[in-house]
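Just below is one structure, and these are the notes that go with it.
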Amino acid sequence: MDDIINFKNIKQYNAFNNNETLNPLVSIVDLGKAEPRQFRRLQYDFYTIFLKSVKCGDLRYGLKNYDYEEGTLIFLAPGQVIGEYKEEYYQPQGTALVFHPDLLHGTSLGKKMADYTFFSYAVSEALHLSEQERKIILDCLEKIQFELKRNIDKHTKQLIVSNIELFLNYCERFYDRQFITRDNVNRGILEKFEESLNNYFESEKPYNSGLPSVAYFAEQLHLSPNYFGDLIKKETGKSAQDYIQNKIIDIAKDKIFDTSKTINEIAYELGFKYPQHFARLFKNRVGYTPKEYRHLN
């Protein structure tokens with residue numbers, strides 16, 4: 001039966017993997033201590049970061065399996081489900097950093113967790129570390145483990161959270177590096193995005209389905225919305241939403257020259273539900289209303 005195993009707290013996850021609970025809100029879990037187990041779908045009510053230490057095919061996201069070699073980080077936000085049901089057994093390997101959202105209440109990190117968009121990347125968009133980067137990550141984990149093993153005092157929480165924040169900041173830097181080192185792949189994605197944009201506005205989709213969203217194009221390119229948005233930002237300096245709106249304005253400028261159509265008709269053709277929304281966007285981007293632009297040209 002394909003039941004989802006839901007881990008509601010850190011203690012439950014530690015017990016599942018034969019690890020001691022040193023702090024109820026945070027743990028560094030040695031997955032190698034776990035007993036061999038069947039493949040199952042797993043859900044975590046806390047932040048989970050996997051550092052794979054050997055090549056292992058035990059992770060599944062959506063309809064695809066992914067093999068990860070040593071030095072790969074996978075990030076899961078609370079509530080995400082990962083894995084699949086199979087009859088055979090496997091031996092878990094690697095390390096997991098897990099921390100409950102309650103640990104972050106009242107901290108600076110708690111206020112900026114939404115900035116770490118990689119927690120909502122798909123597993124196929126994992127962070128692949130160089131050997132030097134892996135050493136830095138392991139050093140951060142060692143500092144967190146040091147605090148977990150010593151007696152709790154007034155500094156413990158601050159130091160643990162600060163080291164988690166340092167860990168995440170390094171991950172952000174390493175993702176920036178990964179975007180650059182995969183520049184050829186990224187350019188291919190940008191070209192496909194441009195092609196998909198053109199195809200959308202050359203079809204009847206705007207009139208029938210409205211304006212396209214960032215999520216729509218991410219799905220077309222088989223990427224998660226956040227990863228797609230971050231990639232476009234790194235490649236162009238613009239957000240994916242800005243990129244889409246610039247395309248809309250470029251097309252609108254051409255259509256405005258066709259005086260056989262009213263401004264309202266052009267707005268509907270572009271996918272706007274309300275013509276005044278089109279006029280507002282055009283004025284913000286161009287400095288003139290569509291009618292003023294038509295008369296100027």
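Position 139 of the sequence shown, counting from 1, maps to 139 under full-length UniProt numbering, and the rest follow consecutively.
Don't be surprised by glycine CBs; every beta carbon is placed ideally from N, CA and C.
Nothing here was measured: the structure is a model prediction, and the numbers come from that model.
>> With DSSP as the reference, identify every bridge partner of Leu73, one or two as the case may be.
In response: Leu51 and Leu127
> Does the distance from the C-beta atom of Ile28 to that of Leu97 stay below 9 Å?
Replying inline: Taking 9 Å as the Cβ cut-off, Ile28 and Leu97 qualify as a contacting pair.
> DSSP three-state call for Asn9: helix, strand or coil?
Replying inline: coil
> At a cut-off of 8 Å, is Lys135 close to the ligand ZN when judged by its beta-carbon and the heavy atoms of the ligand?
Replying inline: This structure lacks the ligand ZN, and indeed carries no ligand of any kind.
> Considering Leu159, what are the terminal residues of the beta strand (DSSP E) in which it resides?
Replying inline: Unbroken run through Leu159 is the alpha helix (DSSP H), Thr156 to Thr181; no beta strand (DSSP E).
> Quick one: is His222 buried, meaning 16 or more other Cβ sit within 10 Å of its Cβ, or exposed?
Replying inline: exposed
>> Quick check on Tyr116: does DSSP put it in helix, strand or coil?
In response: coil
> At which residue ranges does the region 226-284 contain complete alpha helix (DSSP H) runs of 4 or more residues, listed in the order of the chain?
Replying inline: Look at the region 226-284 and you find these whole runs of alpha helix (DSSP H), each 4 residues long or longer: 240-256 and 263-270.
>> In whole angstroms, give me the CA-to-CA distance for Phe50 and Phe179.
In response: 20 Å
> Per DSSP, Ile136 is paired with what?
Replying inline: DSSP, once it has assigned bridges, lists no residue as partnering Ile136.
>> I'd like to confirm the pairing. Which residues does DSSP put opposite Ile82 in its beta bridges?
In response: According to DSSP, which records beta bridges pairwise, Ile82 is partnered with Leu42.
> The beta strand (DSSP E) with Ala215 in it runs from where to where?
Replying inline: Run containing Ala215: none in the beta strand (DSSP E); it sits in the alpha helix (DSSP H), Val214 to Gln220.
> Is the region 236-247 close to the region 256-263, with three or more CB pairs under 8 Å?
Replying inline: no
> Relative to the alpha-carbon of Tyr13, which residue among Arg37, Ile4, Tyr44 and Glu35 has its alpha-carbon at the smallest distance?
Replying inline: Ranking Arg37, Ile4, Tyr44 and Glu35 by Cα distance to Tyr13 puts Tyr44 first.
>> Measuring straight from C-alpha to C-alpha, what distance separates Leu127 and Phe119?
In response: 11 Å
>> Quick check: the Cα distance between Leu296 and Lys234, rounded to an integer number of angstroms?
In response: About 36 Å.
> Does DSSP put Ala96 in a helix, a strand or coil?
Replying inline: strand
>> Quick check on the DSSP output: the alpha helix (DSSP H) that includes Ser209 runs from which residue to which?
In response: Here the alpha helix (DSSP H) through Ser209 covers Lys205 to Ser209.
> Just to confirm, are Gly229 and Ile248 a CB contact at a threshold of 9 Å?
Replying inline: no
> With DSSP run on the structure shown, which of helix, strand or coil describes Arg37?
Replying inline: Strand, per DSSP.
>> Considering only their Cβ atoms, is the gap separating Ile164 from Leu109 smaller than 9 Å?
In response: yes
> Counting Cβ pairs closer than 8 Å, one from the region 266-282 and one from the region 201-215, do we hit at least three?
Replying inline: yes
> Taking DSSP as the reference, what is the three-state secondary structure of Tyr293?
Replying inline: helix
>> What would DSSP say about Tyr90, mapped onto helix, strand or coil?
In response: For Tyr90, the three-state secondary structure derived from DSSP is strand.
> Taking the Cβ atom as the reference point for each residue, do Ala34 and Asn18 lie within a distance shorter than 9 Å?
Replying inline: Between Ala34 and Asn18, the gap from beta carbon to beta carbon is short of 9 Å.
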